[in-house]
Structure formats: structure tokens, C-alpha cells
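Below is one structure, written out as C-alpha cells; comments come after it.
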Amino acid sequence: MSEKSNRDIDWNPSSWRTRPAAHQPVYADPEHLTVAVSRIAGLPPIVFPGEVEKLKAEIAEAGQGKRFILHGGDCVERFMDCNPETIANKLKILLQMSVVLSHAARRPVVRLGRIAGQFFKPRSSEVELIGGREVPSYRGDTVNGIEPAEREPDPDRLVDGYFHATATLNYIRSMIDGGFADLHQPYNWNLDSIERTAKWEEYRSIVENILDAIHFMESFGGVNSESLGRIDFYTSHEGLHLEFESALTHEAGSGHYNLGAHLLWIGERTRDLDGAHVEYFRGIRNPIAVKISNNANPGDIANLCRTLNPHNEPGRLTFITRLGVSSVEDTLPGYIEAAAGTGIHAAWMCDPMHGNTVSTGSGRKTRKFGDVLEELVLTHRVHTRVESVLAGVHFELTGEDVTECIGGAVNLDETDLELNYQTYCDPRLNYAQSMEMAFLISGLLRD
Ligand code: PEP
Ligand code: CO
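In our numbering, the protein residues as written are 33 to 479.
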């Protein structure tokens, strides 16, 4: 049996419709939805299958410890952030962190943005109270608006989502081709706020070492500034809205690819083995990831391996654990063992954000820098102990100077959250906190 017939025998881009689909918006006018998704299906793909396969091969190498993945971006992108400054700042922070990490890990870093399509959110409740009035929950700009009067799901927003994703990625590609990657060079970093803190002495030598290494490579001629400036950048989002994802699914070569992003992930709330999301993801050729909380059973992990990577393809499947700092030691070893027991390739990344969200007295969602770092340290330690590989890290972060997470060298506290709290969903590390996190992880990787 050929690989195609074997893989596709009972799968097609619509076979998910036979399964229960959680977290899908309900549209008042189904005809309107059909028109919108048909329009998207007829528009050109956003990415190309060759790039998707290249990422899969790089993730396979990361799973063997030959590369390291930096996966990050907003919890939810907003259409209003589709502007040159904000996109440039997001690219800049990811590039700058990647230089720090690759220097420490002595491995190339795979840069994967939560960007150019991260417009959908699962919500724990269908409704929320605003000013004493119950309104449908905000599900991301591709579904409804943040203003209470805009909460009815509107299919035209899906088409807007497609165009915002293409505009974002187009600008990223032009910046990279046009030499923007030069901004990943340390002399273009903007570390003033960290330099003013007591922690700077600890980080100064990291920055100086990176500068020395780059100067050495340049003068030696082994790596010239042109090749330092050439970079790869990949996109990803949570594959949540299955009508949207189906519309971006194209047949290419011997299979189907979701060409709306290079990598898609299944969220913690939609990873039910019998659900529509797992069914849809099973058949696409992209590299895929699954978020795993401490609610998972080791058996879930084994079943996901068998269902989502039946051909045992390296790079195809990644588990992103988001266990919470107090659960890592108890749960992670069992998950790793369950995956290994199937004999199926799976890479492991750590998302130290989603298991460490807390609410302040005034009701703000936040995360403590120390908890985020500690989950990473513990996760790295467990992988090392059981001879597994931590292939990468996953952050909610931004290149802007927001005040959403507490702590770090810049020492934001609860009252600072009111200064510049922007996110429509989860709290992100800001520029200084993200750079500092890269410095701290680099110590971990070097050891
Ligand atoms: C997210 O990544 O924003 C998210 C909702 O994560 P999780 O599915 O892990 O809760
Ligand atoms: Co989030």
C-alpha cells in the first residue's frame, strides 16, 4: 500500500466533521460562513510545502539535540497590531533571543513565531460579564471583536484574518530579505533597562562573549556578515477554528498540507483523541504540536503518538508541556516514558507560561518571572535525568515594553501591571524580561 493511500484511506480535509468539535463559534447565518470559507479556500496559500517540510526536518534535528527551537509570540494577535513597528519589534525580540540561545547552546536555533495567524482563542466560558451585562466571550479578532457590541461571531472576520496573516508574513519576509536580520547583532540590542539593574553584572559577560564570538567569526572569514544576516523564520498558530483550517488545507504532492502556517498546534482544551481536532491534524503533513497540561494521563500521550504520528516520522510530532512549576517533577517523567514506550518519535518543548498563570487581587491575569524560569529549569533537569532531549522553549512574549508579567531584573510588581497592560488574553513577557529569560536559559543550555 502506498504511503498516500495508507495515510488518506479514511481521512480527508472534512473528515473531522464526523467528530465532536470543541470551541467552535456558532454563526447566526451558516450560509455567510460558507461564503467566507470558500473565499479563503480560493485564495493562494500563505506558506509553501517545501518550507513546511524544511521545518519538519529541523524539528527532527532539534529532537536529537542538534538544534534548539525558540517558539514565541503573542497569546493572541490583534488586527490593530498588524503595523510595521509592532511586527518589527516581534521579529526583533525573537531574533535577538535566538542569537543568545544559539551562542550558548552551540546549536542553530529554529525561530518559530506565534505569529501571522494566531488569531483564535479557546475560552473556558461561552459568556462573560462586562459592566454587569452578559456578552459572548471574546474568541480572537478572526471571530469577534473585543468591544461588547462586537461579540457576535462574524464570518467576514475569517477573511480579514487571512489577509492580516498574509500582510504580517509578507512584511516579515521582506524585512528578512532586506537585511533586517542585522538587528540580531548585539550592537543593535536595546538593553538600557536591564543595564540599569543590579543583575546587569551577571549578564554583561554573556553579551560581551557573544560580541567577541561574532567579531572573531567575521575577522576569521569563516562566517561572513552576509551569512549571519541570512535567517529562516517560521510561523505557527493554534489550529482551533476547523472551518478556517480546512479552507487553508491544500493537496500538494502526495498529501495534504495546511498552508496557513508552517506548524500548527492542538491546544490543551482540544486534544481529545476522539475529537474533531485530532482527526483533522491526523491527516495533514505539517509538523504539528500538542499542548499537554498536568491533567493528561500517560496513556493519552501514548495514544496521541500512535494516532498523530502513525508513520513514525521524525519531526512530525512535538509535545509542548505546560505543567505548572509544582507539577513538573511528578508528571513529566511519566509522559516521557509513555511516549518512549510507543517507539514513536516525539520531540519535547516546554511552555513555562500556561501552567503558571495567576490572578491578582484586582483580577489581572499575570505570571511570575521566577515561576516561569523555575518550570524551565525543572523541565530541563527532568529531560536530562531520563536521557531525553528538551528540543525547545515556548513563550508568550512581545517586543513591546508592556507590563503584564511580574518580576525579572526590571522588577515589575503588581501595581506596575496597570501601567501598560495590553494583552486581550494571556500576559506576555516584555522586551527586557524576554532578553533576560534568554540570558538565563543560555546558562542552562551551556551547562
Ligand atoms: C495558548 O497557547 O495560548 C493556550 C491557550 O495554551 P493551552 O492550550 O496550553 O492552554
Ligand atoms: Co495563552
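From the three backbone atoms N, C-alpha and C, an ideal C-beta is built for every residue, glycine too. Just so we're clear, the structure is a prediction, and the values are computed from it rather than from any experiment.
- A direct Cα-Cα distance of roughly 15 angstroms separates residue 164 from residue 395.
- In this structure, the C-beta of residue 428 approaches the ligand CO to less than 7 angstroms from one of its heavy atoms.
- Take residue 279, set aside five residues on each side of it, and the residues of its chain with a beta-carbon closer than 7 angstroms to its own are 69, 72 and 73, in chain order.
- Straight-line spacing of the CA atoms in residue 210 and residue 67 works out to 37 angstroms.
- CA-to-CA, the gap between residue 140 and residue 187 works out to about 41 angstroms.
- Here DSSP, grouped into helix, strand and coil, assigns residue 399 to strand.
- Put simply, of 435, 439 and 457 the residue whose alpha carbon is nearest the alpha carbon of residue 450 is 435.
- DSSP lists 397 as the beta-bridge partner residues of residue 391.
- Look at residue 131 here: in three-state DSSP terms it is helix.
- A contact between stretches requires three or more CB pairs, one per stretch, nearer than 8 angstroms, and the stretch 106-118 fails this requirement with the stretch 74-83.
- Here the stretch 370-389 makes contact with the stretch 325-343; the two share three or more CB pairs at distances below 8 angstroms.
- Here the C-alpha atom of residue 463 lies approximately 15 angstroms from the C-alpha atom of residue 404.
- Annotation: residue 230 to residue 240 spans about 17 angstroms, alpha carbon to alpha carbon.
- Rounded to whole angstroms, residue 345 and residue 295 show a C-alpha spacing of 15 angstroms.
- When rounded, the separation of the alpha-carbon atoms in residue 285 and residue 206 is 28 angstroms.
- At least one heavy atom of the ligand CO lies closer than 7 angstroms to the C-beta of residue 458.
- A contact is defined here as three or more CB-CB pairs under 8 angstroms, and the stretch 335-355 meets this definition with respect to the stretch 376-391.
- Boundaries of the beta strand (DSSP E) around residue 281: 281-284.
- If only complete runs of 3 or more residues are kept, the stretch 100-163 shows the beta strand (DSSP E) at 100-105, 141-146 and 159-162, in order along the chain.
- No heavy atom of the ligand CO is found nearer than 7 angstroms to the CB of residue 343.
- Residue state for residue 308 is assigned as helix, using DSSP reduced to three classes.
- Fewer than three Cβ pairs drawn from the stretch 304-312 and the stretch 90-102 lie within less than 8 angstroms of each other, which leaves the two stretches out of contact.
- DSSP places residue 169 outside both helix and strand once states are collapsed to three, so it counts as coil.
- Where residue 358 is concerned, there is no enclosing alpha helix (DSSP H), because DSSP gives it neither an H nor an E.
- Between the beta-carbon of residue 321 and that of residue 95 there is about 12 angstroms, and that puts the pair past the 8 angstroms contact cut.
- Between residue 43 and residue 440 a beta carbon distance of about 45 angstroms is seen, past the 8 angstroms cut, so the two are scored as non-contacting.
- Around the beta carbon of residue 350, a 10 Å sphere encloses 16 or more other beta carbons of the protein chains shown; the residue is thus reported as buried.
- Checking the 7 angstroms criterion, the Cβ of residue 107 is within range of a heavy atom belonging to the ligand CO.
- Closest option to residue 325, judged by alpha-carbon separation, among 265, 64, 388 and 160: 388.
- When the Cα atoms are used, residue 98 and residue 419 turn out to be separated by approximately 15 angstroms.
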